[in-house]
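FYI, the UniProt record's numbering numbers position 19 of the sequence shown as 19, with every residue one higher than the one before it. Where a beta carbon is used, it is the ideal one built from N, C-alpha and C, also for glycine. Comments concern the structure below.
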Amino acid sequence: VDVLCIVQGHAEELAATLRAMDRIYAAASITILVASGTDADIGLHGVLTQSRKTAQL
């Protein structure tokens, strides 16, 4: 998500945001790291792209 949330084409803003990454991640409730796949569009391993049937309990 960082590549989507951090402005990549503006060097000053990129540098300022990268300097703040420790505070950004420290304030996060949850952080998901995915280190597989060929690109950001590959999805998460084990997560289905289609809808699942649900049942009311």
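Quick one: residues in its chain with C-beta nearer than 8 Å to the C-beta of residue i, no 5 flanking neighbours on either side, listed in chain order?
i: residue 66; result: There is simply no residue 66 to check, as the chain begins at 1 and stops at 57 in what is shown.
i: residue 43; result: 37 and 49
Cβ atoms of residue j and residue i: under 8 Å apart, would you say?
i: residue 18; j: residue 7; result: no
i: residue 45; j: residue 51; result: no
Apart from the five residues on each side of it in sequence, which residues of its chain come closer than 6 Å, Cβ to Cβ, to residue i?
i: residue 39; result: none
**Message:** To test your reading of the DSSP string, which unbroken beta strand (DSSP E) runs of 3 or more residues are found completely within the UniProt domain "Heterokaryon incompatibility" (1-51)?
**Reply:** none
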